[in-house]
Amino acid sequence: FVHYTQKVDGHKVRSRSQSFQDHFSQATLFWNSMSPAEKEHIIDAFHFEVGSVKDKKIKQAVADMFAQVAPELGMQIAAGIGVNPPPQTAPSGVTASSPALSQENTIKTAKTRKVAILVDNGYCPIAVQAMTDALKGAGAVPETVGISLAPITGRNSAKLAPDKSLTTAGALVYDAVFIPAGDHINALKQNADARAFINEALHHAKTIGATNEGIDLLKATDAASLISGLPGNAATPWVFQGIIAVNGASDLKSFGTEFINQLSQHRHWARHALLINDLPNTAQ
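Take any residue in the sequence shown, count from 1 to its spot, add 17: that is its number in this note's numbering.
Below you can see the structure in the form of structure tokens.
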């Protein structure tokens, strides 16, 4: 049997699959997969970016469009940029979520995390050394940060050359801050850069630890309201929203263990809701 030889032509048409009409299901899947903190960050980003647009019609169009991704997303965008709530629209219908899309679903570890240790003349070398050893043992990277880069003298005539200064270091590049005990706290309390360093780490939900006199420095920052429940003599680690404090402990082993545990969480997002309800601290 032999096929009859003939010309074969295909039909040239301008057509696309129905899937090309689906503009929102993947965006809805992404939104559904976000943690509460990630959703808040996305909404804040829309408030900033779309809030910078001058044309109110464009602002309204953005809010209306993202209401098709998720009604609550469109409503919250609209509320933050000063436009009307989006009209009721049929959502994409996607209810699934994927853990792989959220950055919160990751291995919790202290490895490679950078920790700033605030020091100045009069610091406690025992506290600094104990925390340095504990952090290095956990794979973290501790760095001493002084008011300047000039060598300093601690208790018992200990000598130290700070790795960084408050001029050359910023809280944004560190994952946590440790404030050791010592007579240097008075100088740090009077230093606006030191207070700003702690406040920046605090508002970015990073881990903060303090021992003995170091707690007084926390009280001079926006953390004051968060540590109001700290007992006067907390010989065991006191922990609240990623802030760890101990006062009067004979050794820092348990404090170091808890600090590393909190550091491994990376950020403490629930702290933000508590801070925005308080007036900024104005301690000098």
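Here a beta-carbon is modelled for each residue, glycine too, at the ideal position from N, C-alpha and C. Please read all numbers here as calculations on a predicted model, not as lab measurements.
Item, Value
"Simplified DSSP state of Phe257, which is helix, strand or coil", "strand"
"Whole-number beta carbon distance between Ala144 and Leu235, since they are thought to touch under 8 Å", "About 15 Å separates the two Cβ atoms, so there is no contact after all."
"Cβ shell of His285 (< 6 Å), same chain only, five flanking positions each side left out", "Ala222, Gln258, Gly259"
"Extent of the continuous alpha helix (DSSP H) to which Gly68 belongs", "53-68"
"Cβ distance (whole Å) where Ala127 is taken to contact Gly156 below 8 Å", "6 Å"
"Spatially closest choice to Asp210 from Asn203, Asn229, Leu243, Thr184, by CA coordinates", "Thr184"
"Per DSSP, cross-strand counterpart(s) of Glu277", "Looking at the sequence itself, residue 277 is Ile, so the reference to Glu does not match. BP columns for Ile277 are empty, so no partner."
"Option in Pro179, Trp255, Val70 with minimal Cα separation from Thr168", "Correcting the residue identity first, residue 168 is Pro in this sequence and not Thr. The candidate whose alpha carbon is nearest that of Pro168 is Pro179."
"Length of the line joining the Cα atoms of Gln43 and Ala78", "20 Å"
"Cβ distance (whole Å) where His201 is taken to contact Asn138 below 8 Å", "6 Å"
"7 Å CB neighbourhood of Asn250 in its chain, flanking five on each side removed", "Asn264, Gly265"
"Same chain only: Cβ atoms within 6 Å of Gly226, ignoring 5 sequence neighbours per side", "Phe195, Ile261, Phe276"
"Check: Lys181 C-beta below 8 Å from any heavy atom of the ligand COA", "Annotation note on the ligand COA: not contained in the displayed structure, which lists no ligands."
"Nonlocal neighbours in the same chain, by C-beta distance under 8 Å from Lys176, ignoring five residues either side", "Pro168, Ile169, Thr170"
"Exposure of Thr22, with buried meaning 16 or more beta-carbon neighbours within 10 Å", "exposed"
"DSSP-derived helix/strand/coil call for Gly154", "helix"
"Gly97 - containing alpha helix (DSSP H), residue span", "88-98"
"Contact the region 26-36 vs the region 52-59: 3+ CB pairs below 8 Å", "no"
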